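Below: the structure, in structure tokens.
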Amino acid sequence: QKEVEQNSGPLSVPEGAIASLNCTYSDRVSQSFFWYRQYSGKSPELIMSIYSNGDKEDGRFTAQLNKASQYVSLLIRDSQPSDSATYLCAVPMFSGGYNKLIFGAGTRLAVHP
Amino acid sequence: DGGITQSPKYLFRKEGQNVTLSCEQNLNHDAMYWYRQDPGQGLRLIYYSQIVNDFQKGDIAEGYSVSREKKESFPLTVTSAQKNPTAFYLCASRGSGTASEAFFGQGTRLTVV
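As you go down the protein sequences, you meet chains A and B in turn.
Residue 23 in this note's numbering is what sits at position 23 of the first sequence, and the numbering runs on without skipping anything.
Residue 143 in this note's numbering is what sits at position 30 of the second sequence, and the numbering runs on without skipping anything.
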């Protein structure tokens, strides 16, 4: 089982729709979860972080966390063509006393006009 | 300006050569990370460091080496033992708390010629 898993997509949604991106993680004790957006050829940029069960909203973005199910998701409302990118889920995990930051493979989102 | 600087942006390596990728940060972050990204793939962890003079192997450390002599700097050497080094290399830094967010440099694109 991979430590952080995402559906690679592509996820295709029409402009104005809600895009739903999902991520599962293996380490039951993980406490922090991050979503990054990466445009083609560029480095990832942080868009959301979430630490507590439930929803966290920031503009058109909502992160959802369910620690019991080891599941974190990102909703993008009113999707725009400029949202077309790869979305990466990241989870810090402890290993032998060290804290490493593990990324999922990313989900490619395509928003079409 | 606070941030992470990677250099060079593009690097070409001949077969059998070692090359060193630079990563410098002025965010006063304790942790630094190196990732490799292949086309259409996620980020794979090469090495990470939580404090000066200490670093840990990630999932794909073979053929790579690092040093952490200063808090601000975490250079990555791609050795001739790395048989398929062509990839996009990303450096990130992060504070020491589990809730700390990671920030990336602009990346180095390495090509074997």
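Quick reminder that beta carbons are idealized off the backbone N, C-alpha and C, glycines included.
Predicted model, so just to flag it, every value in this text is computed and none were measured.
**Report entry** Listed by chain order, chain B residues near P10/A by CB distance under 9 Å
**Finding:** Here the question's residue 10/A lines up with position 10 in the first sequence. Under the 9 Å cutoff, chain B gives no residues; its nearest Cβ is about 10 Å from P10/A.
Query - Top-ranked residue by Cα proximity to S61/A, from S12/A, R37/A, Y71/A, N53/A - result: On the first sequence, position 61 is the one that residue 61/A refers to. For clarity, residue 61/A is Phe in the given sequence; the question names Ser instead. Considering only alpha carbons, the answer is R37/A.
Report task. Excluding the 5 residues preceding and the 5 following L134/B in the sequence, name in chain order all residues of the same chain whose CB lies nearer than 6 Å to its CB. Result -> Working through the second sequence from its first residue, we reach residue 134/B at position 21. Counting only Cβ-Cβ distances below 6 Å, and skipping sequence neighbours, we find L189, Y202, T221.
**Report entry** Within chain A, the residues that G171/B reaches when beta carbons sit closer than 8 Å
**Finding:** The residue you call residue 171/B lines up with position 58 of the second sequence. Per Cβ cutoff of 8 Å: K100.
Query raised in the report: Which stretch, first to last residue, makes up the beta strand (DSSP E) that contains T133/B?
Result: Taking the first residue of the second sequence as 1, we reach residue 133/B at position 20. Here the beta strand (DSSP E) through T133/B covers 132-138.
Report task. Enumerate, from N- to C-terminal direction, the unbroken beta strand (DSSP E) stretches of 3 or more residues contained entirely within the region 146-200 of chain B. Result -> 156-164, 167-170, 177-179, 189-191
Requested in this report: Look at G171/B and Y161/B and say whether their C-beta atoms are less than 8 Å apart.
Outcome: Within the second sequence, numbered from 1, the residue matching residue 171/B stands at position 58. Within the second sequence, numbered from 1, the residue matching residue 161/B stands at position 48. Contact: yes.
Report task. Return the residues of the region 174-189 of chain B that lie within a Cβ-Cβ distance of less than 9 Å from chain A, sorted by chain order. Result -> none
Query raised in the report: Once you ignore the five residues that flank L124/B on each side, which residues in its own chain have a CB closer than 8 Å to its CB?
Result: Position 11 of the second sequence holds residue 124/B. Same-chain partners within the cutoff: V132, L134, T221, R222, L223, T224.
Query raised in the report: Using a beta-carbon distance below 8 Å, is T224/B in contact with chain A?
Result: As a first step, residue 224/B must be located in the second sequence, where it is residue number 111. Answer no: the Cβ-Cβ gap between T224/B and chain A never drops below 8 Å.
Query raised in the report: For the region 55-71 of chain A against the region 201-217 of chain B, are there 3 or more C-beta pairs whose distance is under 8 Å?
Result: no
Query raised in the report: Under 8 Å between C-beta atoms, does L203/B make it to chain A?
Result: Residue mapping note: residue 203/B aligns to position 90 of the second sequence, counting from 1. Chain A contact via Cβ: present.
Query raised in the report: Smallest Cα separation from K183/B: which of S193/B, A194/B, I173/B, N166/B?
Result: Walking along the second sequence from the start, residue 183/B turns up at place 70. It is N166/B.
Query raised in the report: Looking only at C-alpha atoms, which of S30/A, S40/A, Y87/A sits nearest to N66/A?
Result: Looking up residue 66/A in the first sequence gives position 66. Looking at the Cα atoms, S30/A is the closest of the given residues.
**Report entry** Residue from S69/A, I76/A, M93/A whose Cα sits closest to the Cα of A85/A
**Finding:** Start at 1 with the first residue of the first sequence, and residue 85/A comes out as number 85. For the residues S69/A, I76/A, M93/A, the minimum Cα distance to A85/A belongs to I76/A.
Query raised in the report: So with Cβ pairs under 8 Å, would you call Q70/A a contact of chain B?
Result: Within the first sequence, numbered from 1, the residue matching residue 70/A stands at position 70. So no, Q70/A is outside the interface.
Query - Proximal residues of chain A, C-beta to C-beta of E214/B below 7 Å - result: Within the second sequence, numbered from 1, the residue matching residue 214/B stands at position 101. Neighbours of E214/B on chain A, chain order: F34, L46, S49.
**Report entry** Q31/A: contacting residues in chain B (beta-carbon distance under 9 Å)
**Finding:** By 1-based counting over the first sequence, the position of residue 31/A is 31. The answer, in chain order, is T211, A212.
Query raised in the report: List, in order along the chain, the chain A residues whose C-beta lies closer than 7 Å to that of G218/B?
Result: The count along the second sequence starts at 1 and reaches residue 218/B at position 105. Residues of chain A passing the Cβ test: S43.
Query raised in the report: Tell me the DSSP bridge mates of N66/A?
Result: As a first step, residue 66/A is located in the first sequence; it is residue number 66 there, counting from the start. DSSP, once it has assigned bridges, lists Y71/A as partnering N66/A.
**Report entry** Cβ of Y146/B within 8 Å of any chain A Cβ
**Finding:** Here residue 146/B refers to the residue found at position 33 when the second sequence is read from its first residue. Interface residue, yes.
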